[in-house]
Amino acid sequence: MRSLPAPDDRTPLFSRAAVVASCVGFILIGALQALYGPAIPAFRDEFGLPPSTAGLGLSAHFVGGVAGVLVFDRLFGRADAAGRIGNRKLLGGSYLFMAVGAAGFALAPAWPAALAMALVAGLGFGGIDYGLNQLFAVGFGRRSTAMLNVLNAHFGIGAILGPALIGLVGADRYTAVFLGFAALTLPLLLCLAGVRDEAPPRAAAGGDDAARDGGGVADGGDGAEARRARARSRSLATVLGAFVLLYVLHVGIEAGVGGWEPTHLETVGYGATAAASATSVYWLMMTVGRFLVVPLALRWPARSIIVVSCAGMTGCLLLAAVPAPAPYAYAGVGLFIAPIFPTGLPWLNDAAPRARRAGALVIAASMVGGVAAGPALGKAIELSGIRAVPLILAAVSAVCLATTVWLIRATATRPAAATRPAATAGPSPAEARGPRV
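This is the structure:
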């Protein structure tokens, strides 16, 4: 990223009001994602849809979300090079897309138009999700991991409140809910004045893996330099691939538990009400877990938090195969999986500070993982039966754990020269200090 003058480096990336508004924004995107499912009965009645077609609303939302991540990242990169588009315009545009899409979805006269509006709302959703996650990952220095967990915990609050609101007013009044959602999005535009228009250098997100801030690479001739450059490129690509795998798989587990926990619990003898309540507790524990990890993130590096989370998640999924403790084990899965998504972003920025597309890649991959989890897990269940759900997910979680252990070794031993030019291997005073908030 383009360096900023010294006075600007000392300017917080977010004012206090902008931090609060960002958390409200995450409540809204969490609610939006969760509104489509409970409203499906009303979609079917209004437009005369079969179940499979009615479920396309959320699919269109996720397609728009992936596009929003990629578009925001492309414009953000252009802003870095030419200085034409700042954070405020990108976030403001994302909020507007989400508001217009939600309102259009509510007022759409036909289902194809409603799907188009869901895609527009998803475009804004993806921009906000990626934009705020990326800016929080670099905007708070050593506190970035803690602040990311706070931000994403508010997403969980929205995901809990959205279905509760639909249940309170009735699915047949979904249009009023979506319109109210769009209206609540617009005031957030007023708080964007508290967002600095340019992010601090990406390396300032550090503090987690300071061991990598060592010296550069000695010159050894053009041929040696070319070989070292190719080796660094391969190493970086492998690390990024491992992060993508971790994000795809853990989001697949998150969606898999949320989608199949009720069915599994009913299969092993629990009533429908108890199974639904246990699933609600699972989502609640995801939100609680992100708040609980905040003080831990101020003391422990991201890699340590994630490896414990993956180990705990694997153990709880194995325990969920036993019927008696299964509801409590699923609640444990929610608690342990909660920190992985937000905590991994600062670690990614530390591991690949020069890979500008890394954040967009893993966040877009996480959305793809959520979409792909349903059919992939469904096929596995066809082959092995409903009772195998927790064991299948435990196997996927074990891959997450193995990937995390590999990443710890790879990022702890990779020299600083692998991610920064030799001439600038040492951090600048501003980078070492980090932004003040």
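In the working numbering, the protein residues as written are 1221 to 1657.
Heads up, the beta-carbon is just placed ideally off N, CA and C, and yes, glycines get one too.
Just so we're clear, the structure is a prediction, and the values are computed from it rather than from any experiment.
Each residue's CA atom was taken as its position, placing Ala1549 and Ala1323 some 39 angstroms apart.
Between the beta-carbon of Ile1526 and that of Ile1560 there is about 6 angstroms, and that keeps the pair under the 8 angstroms contact cut. Within the model, the alpha-carbon separation for Gly1414 versus Glu1481 is close to 41 angstroms. Three or more beta-carbon pairs drawn from the stretch 1372-1381 and the stretch 1510-1526 are found closer than 8 angstroms, and the two stretches are therefore classed as touching. Rounded to whole angstroms, the gap between the alpha carbons of Leu1252 and Ala1336 is 15 angstroms.
Bounds of the alpha helix (DSSP H) holding Leu1310 are Asn1307 to Leu1327. If you ignore the 5 residues before and after Asn1369, its C-beta comes within less than 7 angstroms of the C-beta of Arg1510, Val1513, Val1514, Ala1517, Pro1559, Pro1562 and Thr1563, all in its own chain and listed in chain order.
Beyond the five residues adjoining it in sequence on each side, Arg1264 comes within less than 8 angstroms, by CB distance, of Pro1270, Pro1271 and Ala1274 in the same chain, given in chain order. Residue environment: Arg1416 is assigned as buried (16 or more neighbouring CB atoms within 10 Å of its CB, all protein chains considered). In chain order, Leu1255, Leu1385, Ile1386 and Val1389 place their CB closer than 7 angstroms to the CB of Val1397, counting only its own chain and leaving out the 5 sequence neighbours on each side. Per DSSP, the unbroken alpha helix (DSSP H) holding Asp1265 starts and ends at Ile1260 to Phe1267. Here DSSP, grouped into helix, strand and coil, assigns Val1370 to helix.
In the pairwise beta carbon analysis, the stretch 1232-1240 is classified as touching the stretch 1349-1359: at least three pairs are separated by under 8 angstroms.
In this structure, the beta-carbon distance from Ala1522 to Thr1365 falls below 8 angstroms.
By alpha-carbon distance to Pro1547, the top candidate from Pro1566, Arg1519, Val1582 and Trp1503 is Trp1503. Under the DSSP definition of a beta bridge, Phe1234 partners with Val1415.
The stretch 1394-1411 makes contact with the stretch 1311-1327: 3 or more CB pairs, one atom from each, lie closer than 8 angstroms.
The three-state secondary structure of Val1358, taken from DSSP, is helix. Note on Ala1572: 16 or more other CB atoms within 10 angstroms of its CB, so buried under the neighbour-count rule. Here Cys1620 has Leu1466, Leu1469, His1470 and Cys1530 as same chain residues with Cβ atoms under 7 angstroms from its own Cβ, once five neighbours each way along the sequence are excluded. Taking a contact as a CB-CB distance under 8 angstroms, the pair Gly1250 and Gly1288 does not count as one, their CB atoms being some 15 angstroms apart.
Counting the other CB atoms within 10 Å of its CB gives Asp1570 a total of 16 or more, which places it among the buried residues.
Between Trp1331 and Phe1267, the C-beta spacing is below 8 angstroms.
Thr1493 is classed as exposed because its beta carbon has fewer than 16 other beta carbons within 10 Å across all chains shown. CA-to-CA, the gap between Ser1242 and Met1505 works out to about 22 angstroms. Taking a contact as a CB-CB distance under 8 angstroms, the pair Thr1499 and Gly1478 counts as one, their CB atoms being some 7 angstroms apart. Rounded to whole angstroms, the Cβ separation of Leu1537 and Pro1610 is 5 angstroms, and the two are in contact under 8 angstroms. Arg1393 has its alpha-carbon roughly 38 angstroms from the corresponding atom of Ala1608.
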